[in-house]
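Peer 1: Those sequence lines, one after another, are chains V and Y.
Per UniProt numbering, the very first residue in the first sequence carries number 1; after that it's consecutive.
Per UniProt numbering, the very first residue in the second sequence carries number 1; after that it's consecutive.
Think of the CB as a built atom: it goes at the ideal place given N, C-alpha and C, for glycine as much as any other residue.
There are 2 protein chains.
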Amino acid sequence: MTVADSSLAPVVLDRAREATQPALRAAVARLEPPLAKVSAYHMGWVDVQGRPVPGNGGKALRPALALLSAEAVGAPVELGVPGAVGVELVHNFSLLHDDLMDGDEERRHRPTAWKAFGPGLAVLAGDGLLVLAEQVLMESAGQGARAAKLLTDATAALIDGQSQDLSFETRMDVTVDECLAMAGNKTGALLAAASAIGAALAGADQAVVDKLYGFGHNLGIAFQAVDDLLGIWGRPEVTGKSAWNDLRQRKKSVPVVAALNSGHAEAGRLAELYVSPGELTESQLDAAARLIEDAGGRARTEAEAQRHLELALGCLDGLGIPEVTRTDLAALAAFTTTREL
Amino acid sequence: MTVADSSLAPVVLDRAREATQPALRAAVARLEPPLAKVSAYHMGWVDVQGRPVPGNGGKALRPALALLSAEAVGAPVELGVPGAVGVELVHNFSLLHDDLMDGDEERRHRPTAWKAFGPGLAVLAGDGLLVLAEQVLMESAGQGARAAKLLTDATAALIDGQSQDLSFETRMDVTVDECLAMAGNKTGALLAAASAIGAALAGADQAVVDKLYGFGHNLGIAFQAVDDLLGIWGRPEVTGKSAWNDLRQRKKSVPVVAALNSGHAEAGRLAELYVSPGELTESQLDAAARLIEDAGGRARTEAEAQRHLELALGCLDGLGIPEVTRTDLAALAAFTTTREL
Numbered sequence: 001m002t003v004a005d006s007s008l009a010p011v012v013l014d015r016a017r018e019a020t021q022p023a024l025r026a027a028v029a030r031l032e033p034p035l036a037k038v039s040a041y042h043m044g045w046v047d048v049q050g051r052p053v054p055g056n057g058g059k060a061l062r063p064a065l066a067l068l069s070a071e072a073v074g075a076p077v078e079l080g081v082p083g084a085v086g087v088e089l090v091h092n093f094s095l096l097h098d099d100l101m102d103g104d105e106e107r108r109h110r111p112t113a114w115k116a117f118g119p120g121l122a123v124l125a126g127d128g129l130l131v132l133a134e135q136v137l138m139e140s141a142g143q144g145a146r147a148a149k150l151l152t153d154a155t156a157a158l159i160d161g162q163s164q165d166l167s168f169e170t171r172m173d174v175t176v177d178e179c180l181a182m183a184g185n186k187t188g189a190l191l192a193a194a195s196a197i198g199a200a201l202a203g204a205d206q207a208v209v210d211k212l213y214g215f216g217h218n219l220g221i222a223f224q225a226v227d228d229l230l231g232i233w234g235r236p237e238v239t240g241k242s243a244w245n246d247l248r249q250r251k252k253s254v255p256v257v258a259a260l261n262s263g264h265a266e267a268g269r270l271a272e273l274y275v276s277p278g279e280l281t282e283s284q285l286d287a288a289a290r291l292i293e294d295a296g297g298r299a300r301t302e303a304e305a306q307r308h309l310e311l312a313l314g315c316l317d318g319l320g321i322p323e324v325t326r327t328d329l330a331a332l333a334a335f336t337t338t339r340e341l
Numbered sequence: 001m002t003v004a005d006s007s008l009a010p011v012v013l014d015r016a017r018e019a020t021q022p023a024l025r026a027a028v029a030r031l032e033p034p035l036a037k038v039s040a041y042h043m044g045w046v047d048v049q050g051r052p053v054p055g056n057g058g059k060a061l062r063p064a065l066a067l068l069s070a071e072a073v074g075a076p077v078e079l080g081v082p083g084a085v086g087v088e089l090v091h092n093f094s095l096l097h098d099d100l101m102d103g104d105e106e107r108r109h110r111p112t113a114w115k116a117f118g119p120g121l122a123v124l125a126g127d128g129l130l131v132l133a134e135q136v137l138m139e140s141a142g143q144g145a146r147a148a149k150l151l152t153d154a155t156a157a158l159i160d161g162q163s164q165d166l167s168f169e170t171r172m173d174v175t176v177d178e179c180l181a182m183a184g185n186k187t188g189a190l191l192a193a194a195s196a197i198g199a200a201l202a203g204a205d206q207a208v209v210d211k212l213y214g215f216g217h218n219l220g221i222a223f224q225a226v227d228d229l230l231g232i233w234g235r236p237e238v239t240g241k242s243a244w245n246d247l248r249q250r251k252k253s254v255p256v257v258a259a260l261n262s263g264h265a266e267a268g269r270l271a272e273l274y275v276s277p278g279e280l281t282e283s284q285l286d287a288a289a290r291l292i293e294d295a296g297g298r299a300r301t302e303a304e305a306q307r308h309l310e311l312a313l314g315c316l317d318g319l320g321i322p323e324v325t326r327t328d329l330a331a332l333a334a335f336t337t338t339r340e341l
């Protein structure tokens, strides 16, 4: 669905992970031992007993964007490191709390932190990571206060997005615009802050910071649209979740909302399934997926993903970003929006 | 237990509440509607349906300290308002999350927010208030970034304190020093930030800000020591909790820890009661309270409260604080440490 080349992405992500890990681990080690342990478990660094485990602890998309954002304005990559640490800490704060709120019991094939350590420590570890993110930025070289404000405002938007998402559960009149705005908050705001924070730390002009923010914001919406497609039509062996997972949970994802608002006859039949009592059977799930596709929900979502990816890439124009950095940013954009269905 | 006059305190608190309320309500109104409603309910402004209720929403101790902290360095009280709002928001963030962690089902004779709206919305509303506190300071006139860092560091200490408190539950070897350090984090850090934040916003010398911070920090430890005394010997009609409440929950409060570490014969008998299985009977609770008193736990806690109150008041010396402001600060200090047993 995109022309950019994603093959560079693994290298870019690996490099970012290596550049960020020492500062990220040092930051988490500042927490009281029980919170440091819960956080390290959640990050995939240790097991429940606190023993180191193999693995690299996630794909480091947000740190990579933060480091490239410093490079984009000609600053040394080191200046972006506190930004990379800050966005990764906020990302993990939100995962810790969202897993509890959503009742999710597994993450990366292990019990979620609240299942392993109880809700209290999971909430408190999340709080700890959020505050730590602010501290890391406020203490950093470069324009730390400016970067802290950027991240704080993005975190406020992320919380708004989670609230909107929760409120959609009890509504049948959600519009596609509301759904995209929610994605822009819940997923877009932090990718936006990540894409701008290195430039902010480096003292770049606000107009440049704003354009980089726009890149990440649109990328986040495209990312969420692709995620919504995977949540219905993704193959279990690729997504690690059961087929039709989002339909089983009756999520108001973009394809569903687009279908419900399509004006097609299928919309009413889909709405009936969504409000019917009890668990949906496999044949009802199969029917729902077909109704969404027939009502144009899949095509609309693919179009939105493509449109927001193009908007994202367009934000990189005219900023004088070094060609190598722009190629890396485009590779990450392609990588996050071309996951296999 | 103190010579200062607390009779002025109600007036000081009322004035602070009036000066802070409009900005505080405007800040909370920035949250998404479900979070604004949960927050307003938690603050005591509305009922579960969101309808306004009579009452003034708490005693405004932290806002009062913040406003006096601006006055203490000769700044107009208005300059302290974002600080007052910020500390009150962080205070309520911590109450929302602590009520859930501690399993508390009632606050001010109403169901706690997590009981009324579910754990998810209570966690998210707490997150929202924490981020809002940062935003209010970062957007404020005066030295907003400096004030935001002061509040962020205090919030990190507050979270450390809550973690320490939770870890005490499973330990029988807690020392009095650990207990006071925990109180210094859990209760002292935010009172410290409140007492310094107005001066920080007003651009006062760091040495002055540090002394005001010390005032609030010591006041917080004294406050917690008095709270611990009330948790055992407070009369239910005064505390609103059942007699021996902290013993029933086997809290490692200062009097208990002081008794356990006293070296007296009573220490062993108290430890036996604390590790015995099942709920403690009324006669066991009565026996525990007597053992604590006989082992000197009550006297030691009263002495620590008095000592930290004097340390707090000593921090106000030599700062050139206007006499009227100093009288108000001393009145608040007396008020928070002379609650009736």
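Suppose the cutoff is 7 Å on Cβ atoms and the five residues either side in sequence are ignored; what does the same chain contact list for Y/L24 look like?
Peer 2: Taking the first residue of the second sequence as position 1, residue 24 of chain Y is located at position 24. Around Y/L24: V85, E88.
Peer 1: Report the option in Y/G120, Y/C179, Y/V131, Y/G220 whose CA atom is closest to the CA atom of V/D165.
Peer 2: Here residue 165 of chain V refers to the residue found at position 165 when the first sequence is read from its first residue. Looking at the Cα atoms, Y/G120 is the closest of the given residues.
Peer 1: Do you know how far the Cα of V/S262 is from the Cα of V/G296?
Peer 2: For this step, residue 296 of chain V is matched to residue 296 along the first sequence. For this step, residue 262 of chain V is matched to residue 262 along the first sequence. Taking the straight line joining both Cα atoms gives about 7 Å.
Peer 1: Answer yes or no: do V/A66 and V/G198 have a C-beta to C-beta separation smaller than 7 Å?
Peer 2: Position 66 of the first sequence, counting from 1, holds the residue named residue 66 of chain V. Position 198 of the first sequence, counting from 1, holds the residue named residue 198 of chain V. Yes, these two residues count as a Cβ contact at 7 Å.
Peer 1: With contact counted as at least three CB pairs below 8 Å, one residue from each stretch, are the region 327-341 of chain Y and the region 251-261 of chain Y in contact?
Peer 2: no
Peer 1: How close, in whole Å, do the beta carbons of V/G214 and V/L191 come, if the pair is a contact with beta carbons under 8 Å?
Peer 2: Taking the first residue of the first sequence as position 1, residue 214 of chain V is located at position 214. Taking the first residue of the first sequence as position 1, residue 191 of chain V is located at position 191. Not quite, the Cβ-Cβ distance comes to about 11 Å (not below 8 Å), so this is no contact.
Peer 1: Could you pull the DSSP bridge partners for Y/E106 from this structure?
Peer 2: For this step, residue 106 of chain Y is matched to residue 106 along the second sequence. Beta-bridge pairing links Y/E106 to Y/P111.
Peer 1: Do the region 176-188 of chain V and the region 219-238 of chain V meet, that is, are 3 or more Cβ pairs less than 8 Å apart?
Peer 2: yes
Peer 1: Got a sec? Which residues, its chain only, sit under 6 Å from V/A243 by beta carbon, not counting five neighbours each side?
Peer 2: Counting from 1 along the first sequence, the entry for residue 243 of chain V is found at position 243. Cβ within range, chain order: P236.
Peer 1: Could you spell out the range, first to last residue, of the alpha helix (DSSP H) harbouring Y/T327?
Peer 2: As a first step, residue 327 of chain Y must be located in the second sequence, where it is residue number 327. Its alpha helix (DSSP H) spans residues 323-337.
Peer 1: So what does DSSP say about V/V46, is it helix, strand or coil?
Peer 2: Numbered from its first residue, the first sequence carries residue 46 of chain V at position 46. The answer is strand: DSSP assigns V/V46 an E or B state.
Peer 1: If you draw a straight line from the C-alpha of Y/A75 to the C-alpha of V/A222, how long is it?
Peer 2: Taking the second sequence and counting its residues from 1, one reaches residue 75 of chain Y at position 75. Taking the first sequence and counting its residues from 1, one reaches residue 222 of chain V at position 222. About 49 Å.
Peer 1: Can you tell me the Cβ-Cβ gap for V/V53 and V/A204, rounded? I've got them flagged as a contact below 8 Å.
Peer 2: Within the first sequence, the letter at position 53 stands for residue 53 of chain V. Within the first sequence, the letter at position 204 stands for residue 204 of chain V. Not really, about 38 Å apart at Cβ, beyond 8 Å.
Peer 1: With 16 other CB atoms within 10 Å as the buried threshold, where does Y/E323 fall?
Peer 2: Here residue 323 of chain Y refers to the residue found at position 323 of the second sequence. Its Cβ having fewer than 16 others within 10 Å, Y/E323 is exposed.
Peer 1: Could you check whether Y/L219 and Y/A333 sit closer than 7 Å to each other, using their CB atoms as the reference points?
Peer 2: Residue numbering aside, residue 333 of chain Y sits at position 333 when the second sequence is read from its first letter. Residue numbering aside, residue 219 of chain Y sits at position 219 when the second sequence is read from its first letter. Taking 7 Å as the Cβ cut-off, Y/A333 and Y/L219 qualify as a contacting pair.
Peer 1: Does chain V have any CB closer than 7 Å to the CB of Y/V48?
Peer 2: Along the second sequence, read from residue 1 onward, the residue named residue 48 of chain Y stands at position 48. Not an interface residue.
Peer 1: For Y/K149, which residues in chain V fall below 7 Å Cβ to Cβ?
Peer 2: By one-based count along the second sequence, residue 149 of chain Y stands at place 149. Result: M138.
Peer 1: Kindly confirm or deny that the region 102-111 of chain V and the region 168-183 of chain V touch, where touching means at least three C-beta pairs closer than 8 Å.
Peer 2: no
Peer 1: Using 8 Å for Cβ pairs, my map puts Y/R107 next to Y/A60. What's the rounded Cβ distance?
Peer 2: Counting from 1 along the second sequence, the entry for residue 107 of chain Y is found at position 107. Counting from 1 along the second sequence, the entry for residue 60 of chain Y is found at position 60. That pair is no contact at about 16 Å.
Peer 1: List the residues of chain V that Y/P34 touches, going by C-beta distances under 8 Å, in chain order.
Peer 2: Within the second sequence, residue 34 of chain Y is the residue found at index 34, counting from 1. Using a Cβ-Cβ cut-off of 8 Å, Y/P34 is close to S163, L166, S167 of chain V, given in chain order.
Peer 1: Are V/V257 and V/V176 touching if we call contact CB-CB under 7 Å?
Peer 2: Indexing the first sequence from 1 puts residue 257 of chain V at position 257. Indexing the first sequence from 1 puts residue 176 of chain V at position 176. The answer is yes: Cβ separation under 7 Å.
Peer 1: Taking the C-alpha atoms as reference points, what is the distance between Y/A122 and V/R110?
Peer 2: As a working mapping, residue 122 of chain Y is identified with position 122 in the second sequence. As a working mapping, residue 110 of chain V is identified with position 110 in the first sequence. Each residue's Cα considered, the two are about 26 Å apart.
Peer 1: Measure from the C-beta of Y/M101 to each C-beta in chain V and report whether the shortest distance is under 7 Å.
Peer 2: Here residue 101 of chain Y refers to the residue found at position 101 of the second sequence. Y/M101 has a beta carbon lying within less than 7 Å of a beta carbon in chain V.
Peer 1: Using a Cβ cut-off of 7 Å (strictly closer), state whether Y/T170 contacts chain V.
Peer 2: Here residue 170 of chain Y corresponds to residue number 170 of the second sequence, with the count starting at 1. Not closer than 7 Å to any Cβ of chain V, the Cβ of Y/T170 fails to qualify, so no.
Peer 1: Whose C-alpha, out of V/F117, V/A147, V/L96, V/Q143, is nearest the C-alpha of V/I159?
Peer 2: The count along the first sequence starts at 1 and reaches residue 159 of chain V at position 159. V/I159 has its Cα closest to that of V/L96, out of V/F117, V/A147, V/L96, V/Q143.
Peer 1: From which residue to which residue does the alpha helix (DSSP H) around Y/A26 run?
Peer 2: Translated into the one-based positions of the second sequence, residue 26 of chain Y becomes position 26. Residues 9-28.
Peer 1: Going by the DSSP bridge assignment, what does Y/P52 pair with across the sheet?
Peer 2: Taking the second sequence and counting its residues from 1, the one referred to as residue 52 of chain Y is at position 52. Per DSSP, Y/V46.
Peer 1: Tell me which residue opens and which closes the alpha helix (DSSP H) that Y/E88 is part of.
Peer 2: Position 88 of the second sequence, counted from the first residue, corresponds to residue 88 of chain Y. Its alpha helix (DSSP H) spans residues 77-101.
Peer 1: Using a Cβ cut-off of 7 Å (strictly closer), state whether V/I159 contacts chain Y.
Peer 2: Mapped onto the first sequence, residue 159 of chain V falls at position 159. Cβ-Cβ to chain Y under 7 Å: yes for V/I159.
Peer 1: Using a cut-off of 9 Å between C-beta atoms, extract the partners of Y/L24 located in chain V.
Peer 2: In the second sequence, counting from the first residue as 1, residue 24 of chain Y sits at position 24. Residues of chain V passing the Cβ test: none, with the nearest at roughly 17 Å.
Peer 1: Hey, how far is the Cα of Y/A330 from the Cα of Y/A148?
Peer 2: For the purposes of this step, residue 330 of chain Y is taken as the residue at position 330 of the second sequence. For the purposes of this step, residue 148 of chain Y is taken as the residue at position 148 of the second sequence. Their Cα atoms are separated by approximately 26 Å.
Peer 1: Please go through the region 227-267 of chain Y and give each complete alpha helix (DSSP H) segment of 4 or more residues, from N-terminal end onward.
Peer 2: Segments of the alpha helix (DSSP H) lying fully in the region 227-267 of chain Y: 236-239, 245-248, 254-260.
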